[in-house]
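Contents: one structure, followed by commentary.
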Amino acid sequence: MMESLIREWDGETVIVRYDRATGAWIFIAIHSTQLGPATGGTRMKHYPDQEAALEDALRLAAGMTYKFAVPGIERGGGKAVISIAEYLEPETRRDLLRRYGRLVHQLGGFFYTGPDVGTSSVDMDTIAETGAPYIFCRTPAAGGAGSSGPVTALGVFTGIQVACEHVFGEASMKRRKVLVQGAGSVGDILIKHLLNAGAEVLFSEVDDMLIQRFKDELGLQFIPIEEISKTECDVFAPCAFGGVLNENTIPQLRCRIVAGGANNQLAHPEDAGRLRAKGILYAPDYVVNVGGAMAIPGIETLGWSQADAEEKVVKSVRYALQRIFEMANAEGITTDEAAHRIAEQRFSKEV
Ligand code: PHE
Numbered sequence: 032m033m034e035s036l037i038r039e040w041d042g043e044t045v046i047v048r049y050d051r052a053t054g055a056w057i058f059i060a061i062h063s064t065q066l067g068p069a070t071g072g073t074r075m076k077h078y079p080d081q082e083a084a085l086e087d088a089l090r091l092a093a094g095m096t097y098k099f100a101v102p103g104i105e106r107g108g109g110k111a112v113i114s115i116a117e118y119l120e121p122e123t124r125r126d127l128l129r130r131y132g133r134l135v136h137q138l139g140g141f142f143y144t145g146p147d148v149g150t151s152s153v154d155m156d157t158i159a160e161t162g163a164p165y166i167f168c169r170t171p172a173a174g175g176a177g178s179s180g181p182v183t184a185l186g187v188f189t190g191i192q193v194a195c196e197h198v199f200g201e202a203s204m205k206r207r208k209v210l211v212q213g214a215g216s217v218g219d220i221l222i223k224h225l226l227n228a229g230a231e232v233l234f235s236e237v238d239d240m241l242i243q244r245f246k247d248e249l250g251l252q253f254i255p256i257e258e259i260s261k262t263e264c265d266v267f268a269p270c271a272f273g274g275v276l277n278e279n280t281i282p283q284l285r286c287r288i289v290a291g292g293a294n295n296q297l298a299h300p301e302d303a304g305r306l307r308a309k310g311i312l313y314a315p316d317y318v319v320n321v322g323g324a325m326a327i328p329g330i331e332t333l334g335w336s337q338a339d340a341e342e343k344v345v346k347s348v349r350y351a352l353q354r355i356f357e358m359a360n361a362e363g364i365t366t367d368e369a370a371h372r373i374a375e376q377r378f379s380k381e382v
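Here the sequence shown is numbered in this note's numbering, starting from 32 and rising by one per residue.
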C-alpha cells in the first residue's frame with residue numbers, strides 16, 4: 032500500500048523516519064525542487080493508519096509546489112507529517128520535535144519548514160533548537176516572524192472579496208453571508224476581517240472552547256459539522272480539514288462561492304468539475320492560502336517588512352485569482368484547471 036502510494040505519486044523523494052521512543056512516524060515528502068528548495072509546513076496529528084499519514088504528506092507536498100509556482104515564488108513543494116499517538120506528554124512531544132529538527136538539519140536545506148495543522152510557532156522554536164536555519168515562523172521572542180495564521184487569513188479574505196466581485200459585481204461584504212468552517216489560526220482572524228467588513232458570519236468548529244468563544248462572546252451563529260454543506264450562504268470558507276468538497280457534499284451545497292484557507296479542499300480533481308457544473312465559483316485553495324508561505328520566508332530571509340509582506344500577499348492573491356477566473360471563463364475550464372495551467376507555465380520556463 033505504501034509502495035503503491037509512492038509509485039503513483041508524481042513527486043521526487045520521500046524521507047521516512049520511525050521514531051522508536053514515541054512510536055511516531057515521520058514522513059517528509061519532497062514533491063518538487065524545480066523552482067527552489069522544497070518548503071512546506073509540518074503537520075502533526077494522529078491518523079487512523081500510516082498509509083493515511085503518508086498519503087496526506089504526498090498530497091500536501093504537491094499542493095505546496097503549485098502554491099509557490101502560481102505567484103512565481105522561487106521555492107519548491109514539500110510537506111512533513113508527524114503521525115503521532117492520540118496523546119503525547121508535553122516533554123515527550125518536545126523531545127520528538129527536537130529529534131525531528133535534527134533530521135531537518137541533516138537534510139541541509141533540501142527541505143525548509145514552518146507550522147501547519149497541529150504545530151505552532153512555539154513548536155517551531157523547539158524544532159529550531161536542532162533544526163535551524165531551516166525553520167520558519169519561530170516566535171518573535173526567538174527571532175522569528177511568528178504565526179503564519181494572520182497573513183494567511185488576510186490573503187483568504189482578499190480571495191473572498193475578489194470572488195464576490197466576480198459573482199455579485201461588488202467587492203463590498205455588507206450584504207454577504209459567509210460560513211467559516213474552522214476557527215483556528217486562520218479562521219479566527221478571517222472571521223474578524225469579515226465582521227469588520229460588515230459581513231454576516233456563521234461558523235462551524237469542533238473544539239468546545241472555540242465554539243463557546245465565537246458563539247457566546249461574539250454572538251455568531253454556530254453550525255454543527257453535519258449541517259455545513261446544507262447551510263445556505265453566499266460564501267463557504269473551509270478553514271479546517273481537507274477533502275470537504277466531494278461527491279457527497281457538493282450536491283448539497285447552497286452557496287455561490289467556495290474560498291477558504293484549508294489545504295486540499297477538493298477530495299478529487301473531478302470535484303472541481305462538479306462545482307463548476309453547479310454554478311459554484313471555486314477559488315483554488317492553494318491560490319488564496321499562499322499568505323503565510325509567501326510572507327514569512329519573505330520577512331525572515333528577504334528582509335521584507337510586515338507591511339511589504341501584507342501588500343505583496345494582497346496584490347498577488349488578487350492578481351492570480353482575477354487571471355484564473357478570466358482564463359476559466361474564456362476557455363470553459365474549471366478554476367482549478369486554470370490555476371494548474373498557470374503553475375505549469377512556470378515549470379516549463381525553468382527547464
Ligand atoms: N502551513 C503553511 C502552508 O500550508 C506552511 C508554511 C507556513 C510554510 C509558513 C512556510 C512558511 O502554506
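We put the CB at the ideal spot given by N, CA and C, even for glycine.
Buried versus exposed call for Ser114 [16 or more other C-beta atoms within 10 Å across all chains shown]: Ser114 is buried by the Cβ-count criterion.
For Arg51, which of helix, strand or coil comes out of DSSP? Here Arg51 carries a coil assignment [DSSP, helix/strand/coil].
For Val382, the three-state DSSP class (helix, strand or coil): Because Val382 carries a pLDDT of 43, less than 50, the predicted location of this residue cannot be relied on, and no value is offered for it.
Short Cβ contact (7 Å threshold) for Val321 with Lys98: The Cβ-Cβ distance between Val321 and Lys98 falls below 7 Å.
What first and last residue would you give for the beta strand (DSSP E) that runs through Gly108? For Gly108, the uninterrupted beta strand (DSSP E) run begins and ends at Gly107 to Ser114, by DSSP.
Using a 10 Å radius around the Cβ and a threshold of 16 neighbouring Cβ atoms, would you call Ile288 buried or exposed? Under the 10 Å beta carbon count, Ile288 is surrounded by 16 or more other beta carbons and is classified as buried.
Within 8 Å, do at least three Cβ pairs link the segment 90-109 to the segment 65-81? Contact between the segment 65-81 and the segment 90-109 is present: three or more C-beta pairs spanning the two stretches fall below 8 Å.
Simplified DSSP assignment, three categories, for Thr70: The answer is strand: DSSP assigns Thr70 an E or B state.
Answer yes or no: the CB of Ile327 versus the heavy atoms of the ligand PHE, is any distance below 6 Å? For Ile327, the shortest C-beta to heavy atom distance toward the ligand PHE is below 6 Å.
Buried or exposed for Thr150, please, with buried defined as at least 16 other CB atoms from any protein chain shown within 10 angstroms of its CB. Result: buried.
Please tell me whether Gly145 and Val348 are closer than 7 Å, where the distance is taken between their beta carbons. Judged by beta-carbon spacing, Val348 lies beyond the 7 Å limit of Gly145, meaning their Cβ atoms are not closer than that value.
Within the present structure, is the beta-carbon of Ser216 separated from the nearest heavy atom of the ligand PHE by less than 6 Å? Flag unset: Cβ of Ser216 not near the ligand PHE.
Taking 6 Å as the line, does the beta carbon of Ala324 fall inside it for any heavy atom of the ligand PHE? Yes.
Which first and last residues belong to the alpha helix (DSSP H) in which Ser347 is found? Per DSSP, Ser347 is one residue of the alpha helix (DSSP H) stretching across Gln337 to Glu362.
Going along the chain, which residues of its own chain have a beta-carbon closer than 8 Å to the beta-carbon of His371, five neighbours each way excluded? Apart from sequence neighbours up to five positions away, the residues of its chain that approach His371 with a beta-carbon distance below 8 Å are Tyr97, ordered along the chain.
Does the segment 346-364 come close enough to the segment 181-197 that 3 or more CB-CB pairs lie under 8 Å? These segments touch.
Is Ile254 helix, strand or coil by DSSP? Residue state, collapsed to three classes: coil.
Closer than 6 Å: is that where the CB of Phe378 sits relative to any heavy atom of the ligand PHE? No, Cβ of Phe378 sits at least 6 Å from all heavy atoms of the ligand PHE.
Within the same chain, show all residues whose beta-carbon is closer than 6 Å to that of Gly218, passing over the 5 residues directly before and after it, in chain order. Val211 and Cys270, listed in sequence order.
Quick one: does the C-beta of Gly108 sit closer than 6 Å to a heavy atom of the ligand PHE? Result no, Cβ not under 6 Å from the ligand PHE.
Restricting to Cα atoms, I'd like to know which of Lys309, Ser216 and Ile59 is closest to Thr44. Nearest C-alpha to Thr44: Ile59.
From the DSSP secondary-structure annotation, give me the bridge partner or partners of Ala60. BP columns for Ala60 point to Val45 and Lys110.
Please list, in chain order, all residues of the same chain as Thr123 whose beta carbon is under 7 Å from its beta carbon, the five residues on each side excluded. Result list for Thr123: Thr53, in chain order.
Applying the criterion that 16 or more other CB atoms from any shown protein chain within 10 Å of the CB defines a buried residue, is Val237 buried or exposed? Using a 10 angstroms sphere on the CB of Val237, the tally of other CB atoms stays under 16, which defines it as exposed.
Among residues of its own chain, excluding the 5 on either side of Ile104, which ones have a beta-carbon nearer than 7 Å to its beta-carbon? Cβ neighbours of Ile104 within its own chain (closer than 7 Å, five residues either side excluded): Met325.
Quick one: using the 10 Å Cβ neighbour count with 16 as the cut-off for buried, is Arg130 buried or exposed? Arg130 should be labelled buried.
May I ask you to check if the CB of Asp147 is nearer than 6 Å to at least one heavy atom of the ligand PHE? The beta carbon of Asp147 sits closer than 6 Å to at least one heavy atom of the ligand PHE.
With burial defined as no fewer than 16 other Cβ atoms inside 10 Å of the residue's Cβ, what is the status of Glu381: buried or exposed? With a pLDDT of only 49 at Glu381, under the threshold of 50, the placement of this residue in the model should not be trusted; the figure read from the coordinates follows. Exposed, since its Cβ has fewer than 16 Cβ neighbours within 10 Å.
Between His136, Tyr317, Val266 and Ile364, which has its C-alpha nearest Arg305's C-alpha? Scanning His136, Tyr317, Val266 and Ile364 for the CA closest to the CA of Arg305 turns up Ile364.
Look up Met75 in the DSSP assignment and give the residues it is bridged to. Under the DSSP definition of a beta bridge, Met75 partners with Ile113.
For Ile166 and Ala159, believed in contact at Cβ under 8 Å, the rounded distance: Contact flag correct, Cβ pair sits at about 4 Å.
Report yes if the C-beta distance between Asp367 and Ala303 is below 7 Å; otherwise report no. The Cβ atoms of Asp367 and Ala303 sit closer than 7 Å to each other.
Would you mind sorting Asp87 into buried or exposed? The rule is 16 or more other CB atoms within 10 Å of its CB. It counts as buried.
Is it true that the CB of Val275 sits closer than 7 Å to the CB of Val209? Cβ atoms of Val209 and Val275: not closer than 7 Å.
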